[in-house]
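K.L.:
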Amino acid sequence: MYQRALQGNEKACGPDHISTLRTVNNLGLLYADQGKLGEAEKMYQRALQGYEKACGPDHTSTLDTVNNVGLLYSDQGKLDEAEKMYQRALQGYENALGPDHTSTLHTVNNLGMLYEDQGKLDEAEKMYQRALQGKEKACGPNHTSTLNTVHNFGILYAKLDKLDEAEKMYQQALQGKENALGPDHTSTLHTVVGLGSLYEKRGRLDDAEMMYQRALQGYEKAVGLENVALYQPALITIWNLGDLFAAQERLDKAKEMYTRACTGYRALLGPSSDQCQRLESSIASLDPTQGK
1 MYQRALQGNE
11 KACGPDHIST
21 LRTVNNLGLL
31 YADQGKLGEA
41 EKMYQRALQG
51 YEKACGPDHT
61 STLDTVNNVG
71 LLYSDQGKLD
81 EAEKMYQRAL
91 QGYENALGPD
101 HTSTLHTVNN
111 LGMLYEDQGK
121 LDEAEKMYQR
131 ALQGKEKACG
141 PNHTSTLNTV
151 HNFGILYAKL
161 DKLDEAEKMY
171 QQALQGKENA
181 LGPDHTSTLH
191 TVVGLGSLYE
201 KRGRLDDAEM
211 MYQRALQGYE
221 KAVGLENVAL
231 YQPALITIWN
241 LGDLFAAQER
251 LDKAKEMYTR
261 ACTGYRALLG
271 PSSDQCQRLE
281 SSIASLDPTQ
291 GK
């Protein structure tokens, strides 16, 4: 649909018109959601260059695309580049819209996720606190944007071994998302996976498997069986199932999941990616005769 809209806009308005660039940016979002990160990056870079030329580097449309590039770099594991994009977007939003605007808070939340990925958990908690307080005030406690930050607190508290607090956050986020978006929305399923990982950490392996299987079936339904093989949230869930089966010594099932995840990451990020290396190591560890 976006491809048709893009062709129509290019023909009617030209390749650098704001309407065309908006469609280019939306096409980038679609590709990113499908796990087609290379295509997404091309779209975002085209949109960013066009917006900078048409609107200036500090216009909110430009900053929206800068934020999207940050998300993409984060998904690709380019954390330093992602941080530069988020910092640029945050400074621009604060200047243009103020510190409490939802666009500003959205980038604050993204910066929190990045700090968490970098292991800077204290900085991550500060970002999440700022984002949560601002979103509750601006959007209300049951808004999906607020619930995304509640979910992120669940991840953070689990990493800090505050497991009771983590479970409360995940349950709050899950209940809110099910009410707002439905049980099979990808955002809801993202929280289902988080709750599964927490159950696994607490030794509730049957509950964990139930959550992971629910999420995987939901992703297959949401993005289609063809796309799910390259859909990063699904690959993470498959990887989690591999770890779970390995812990239960269900080695054939573990190998099946690890191999499936590795095939997806090889196509998505390349065979030399950190994800592929770690998965290949996990596959080798299942066979005690390897390397002897």
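Reminder that position 158 of the sequence shown reads as 158 in full-length UniProt numbering, one-by-one numbering, no gaps.
Backbone N, C-alpha and C define an ideal beta-carbon position, used for all residues, glycine too.
Rounded to the nearest angstrom, what separates Thr-263 and Ala-284 at their Cα positions?
P.N.:
Their Cα atoms are separated by approximately 15 Å.
K.L.:
DSSP state of Gly-291, grouped into three classes?
P.N.:
Here the model assigns Gly-291 a pLDDT of 47, short of 50, so the residue's position is not dependable and the matter cannot be decided.
K.L.:
Helix, strand or coil: which one does DSSP assign to Gly-112?
P.N.:
In this structure, Gly-112 counts as helix in the three-state DSSP scheme.
K.L.:
Between which two residues does the alpha helix (DSSP H) harbouring Ala-246 extend?
P.N.:
232-247
K.L.:
How would you write the range of the alpha helix (DSSP H) that Lys-159 sits in, first residue to last?
P.N.:
From DSSP, the alpha helix (DSSP H) with Lys-159 extends over 144-159.
K.L.:
Residues in the same chain with beta-carbon distance under 7 Å from Asn-152, minus the five sequence neighbours each way, listed in chain order, please.
P.N.:
The beta carbon of Asn-152 is closer than 7 Å to those of Asn-109, Gly-112, Met-113 and Tyr-128 in its chain, skipping five residues each way along the sequence.
K.L.:
Can you list, in chain order, the residues of its chain whose CB lies under 6 Å from that of Ala-131, leaving out five sequence neighbours each side?
P.N.:
Leu-105, Val-108, Asn-109 and Thr-149
K.L.:
Between the C-alpha atoms of Leu-79 and Gln-87, what's the straight-line distance to the nearest angstrom?
P.N.:
If you take the alpha carbons of Leu-79 and Gln-87, they lie about 12 Å apart.
K.L.:
So is Ser-103 buried or exposed if we call it buried at 16+ other beta carbons inside 10 Å?
P.N.:
buried
K.L.:
Starting from the C-beta of Arg-266, find all residues in its chain whose C-beta is less than 6 Å away, skip the five residues before and the five after it, and write them out in chain order.
P.N.:
Here the set comprises Cys-276.
K.L.:
Do the stretch 32-39 and the stretch 64-79 make contact, defined as three or more Cβ pairs closer than 8 Å?
P.N.:
yes
K.L.:
Going by the CB atoms, is the gap between Ala-158 and Leu-198 shorter than 7 Å?
P.N.:
yes
K.L.:
Between which residues of its own chain and Met-211 is the CB-CB distance below 6 Å, once the five residues before and five after are set aside?
P.N.:
Val-192, Leu-195 and Gly-196
K.L.:
Drop a sphere of 10 angstroms on the beta-carbon of Ser-282, count the other beta-carbons inside from all chains shown, and report buried for 16 or more, exposed for fewer.
P.N.:
buried
K.L.:
Please classify Leu-64: is it buried, with 16 or more other beta-carbons within 10 angstroms of its beta-carbon, or exposed?
P.N.:
In the sequence as presented, Leu is not what sits at residue 64; that position holds Asp. Buried.
K.L.:
With DSSP as the reference, label Ala-32 as helix, strand or coil.
P.N.:
helix
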